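Each position in the sequence shown, counted from 1, maps to that position plus 213 in the working numbering. No residue lacks a Cβ here, since even glycine has one placed at the ideal position from N, Cα and C. Computed from a prediction, not measured in an experiment: that's the story for all the values here. Inspection log for the structure reproduced underneath, given as structure tokens.
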Amino acid sequence: MKIELSDILKKMGIILEISDDEMIVTLRKTLFSSWGDIDEFLNIVESELRKNGIIVGIDKSALISVYTQNKKEAVIARGIPYKSGRDGYLEFIIKIDKPRILYTETFSEDIFDMASIPFARKGDVIGKLHKPIKGENGISVRGRIINAPPVRDVEVKILSDSIVFKEDEDKIVAISDIRPVVHKKDETDKFVYFFNSIPVFFYEGSIPKNSRPLTFEGNVIINGNVEKGNQIIASGNVQILGSVYESVVQGGQNIIISGGIVDSQLHAGFLPGNIFDKIELHAVNLIVEKLSAIFLHIKELPTVMNNSRHLSEKIKLIEALKEELKTSSTEISMIRSSNVLQNLLEYSLKRSTTFWITILLVL
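Right, here's the structure in full:
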């Protein structure tokens, strides 16, 4: 857009143009006659610019170059552009995508690397919140403020008792073993992340032959093999990092097995409504019988300890009982009623204070 100039500049063959966004002023000359003294030239042009409201970013060196180097045109004023900010965002430290395997023609990818159950262990940082950074406004050559685009905030809402948001560190942390479930909602001025969770049961190592059925409402991850004669039932995903031998694996969603499958049955994507109840009842009855036997041993322990002559024998008895309790605790954790039975075990041990006092006295 041309700027209306005074007669003196018109006679000098000067044309001034300003861009539509008022960020650039360009000087063009059509005559190449002498313009007289350089200071006089500068004063005339600068005065004309001010008269047209151009007060920002005037480049005197560009004006001088037009005069001394006889240039046809030059940018003689520039506005200050705005600096864009950055939207707030959530950085995921732990992968939260659902297991998914895509078919390809070559299928050269390792499918076991492509499919895995997302999970977080107790204390793991699931994600880190990065707050928005506001941009800086610019200014046109006529002093008009050029607003930087607004940035969008980011917000976290926790819907699970197994997840906490540490505001002082802007971190989302798991306080138990879970599979994080995140839903993102785009609003006009912010992103909102809703955090929920699905319980995850981790079994470290291989499940021995003919163990108690492992039933769990949530996801199950077994860091080893499933040996002969076992039954694994989960309402969610099941991931086995080893092989499965002559066993049954049922998952309400995906079943992912990293090793081999030998004479086994796999059922993924559907569970009969009462399957947990049937398996659970049998497992609970077996565990209650075992706990009853352990508590009977505790009750009879003072007599047994008195009949043992050597300290080493007494220590062996204590270690054997300790191992039985440890095994029972592991078996309890493998079933859905684990909380009830675990509380029963802890309550019974608290009531058996005479057992621990007796150990100290006899030793």
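Closer than 7 Å by C-beta to residue i: which residues in its own chain qualify, once you throw out the five before and the five after it? Chain order, please.
i, result
"SER297", "GLY348, ALA361, PRO362"
"SER424", "ASN443"
"LYS285", "ARG241, LYS242"
"LYS379", "VAL386"
"GLU304", "GLY340, LYS341, HIS343"
"ASP233", "MET214"
"ALA333", "ILE307, ILE339, ALA387, ILE391, PRO393"
"SER375", "ALA387, ILE388, SER389, ILE391, SER410"
"THR401", "none"
Could you have a look at residue i and say whether DSSP puts it in helix, strand or coil?
i, result
"SER529", "Here residue 529 turns out to be Lys, not Ser, going by the sequence shown. If DSSP states are grouped into helix, strand and coil, LYS529 belongs with the helices."
"ILE257", "helix"
"THR243", "coil"
"THR428", "strand"
"TYR416", "strand"
"TYR458", "strand"
"ASP272", "coil"
"ILE221", "helix"
"LEU262", "helix"
"ASP252", "helix"
"PHE320", "Bear in mind that the predicted position of PHE320 carries a pLDDT of just 48, short of 50, making it too unreliable to give a figure here."
"GLU536", "helix"
"LEU576", "A caution first: LEU576 carries a pLDDT of 47, below 50, which makes its placement in the model unreliable, though a value can still be read off. Coil."
"TYR406", "strand"
"ARG299", "strand"
"GLN466", "coil"
"VAL377", "strand"
"ALA361", "coil"
"ILE293", "strand"
"LYS215", "strand"
"GLU213", "Nothing about residue 213 can be reported from this structure: the residues present for the chain run from 214 to 576 only."
"ASN450", "coil"
"ASN438", "coil"
"ILE346", "strand"
"ILE589", "This structure leaves residue 589 out entirely; the chain is present only between 214 and 576."
"ILE474", "strand"
"ILE267", "coil"
Give me, in chain order, the residues of the same chain whose beta-carbon lies closer than 6 Å to that of residue i; leave out the 5 immediate sequence neighbours on both sides.
i, result
"VAL433", "PHE414, ALA447, VAL451"
"ILE227", "LYS242"
"GLY418", "GLY437"
"LYS403", "ARG365, ASP366, GLU368"
"SER456", "ASN438, GLY472, GLY473"
"LYS398", "VAL405"
"LYS441", "LYS422, TYR458, GLU459"
"HIS480", "GLN463"
"LYS384", "VAL338, LYS341"
"VAL475", "TYR458"
"ARG299", "ILE346"
"VAL461", "GLN444, GLN478"
Taking 8 Å as the limit between beta carbons, can you name the residues of its chain near residue i, skipping five residues before and five after?
i, result
"LEU237", "It should be pointed out that residue 237 corresponds to Ile in this sequence rather than to Leu. Same-chain partners within the cutoff: ILE231, VAL288, ALA290, ARG291, GLY292, VAL354."
"PRO294", "MET236, GLY351, ILE359"
"ASP323", "The predicted position of ASP323 is uncertain, since its pLDDT is 49 and thus under 50; no value can be drawn from it."
"THR281", "ILE251"
"GLY356", "GLY266, ILE268, VAL269"
"ILE277", "ILE251, LEU255"
"ILE221", "ILE257"
Mind checking which residues open and close the beta strand (DSSP E) that includes residue i?
i, result
"LEU303", "302 to 305"
"LEU342", "338 to 343"
"GLN282", "Note, GLN282: premise wrong, no beta strand (DSSP E); not H, not E."
"ASP366", "366 to 371"
"ASP399", "391 to 399"
"PHE332", "That residue, PHE332, is in no beta strand (DSSP E); it is neither H nor E in DSSP."
"LYS384", "384 to 387"
"VAL354", "Neither: VAL354 is in no beta strand (DSSP E) and is coded neither H nor E."
Round the Cβ separation of residue i and residue j to the nearest angstrom and send it over; I've been treating them as touching at under 8 Å.
i, j, result
"ILE445", "ILE470", "Actually they do not touch by this definition, with Cβ atoms about 11 Å apart."
"ILE330", "ARG392", "6 Å"
"VAL394", "ILE411", "6 Å"
"ILE435", "TYR416", "5 Å"
Exercise. Is the stretch 332 to 352 touching the stretch 253 to 267, taking contact as three or more C-beta pairs under 8 Å?
Worked result: The stretch 332 to 352 vs the stretch 253 to 267: no contact.
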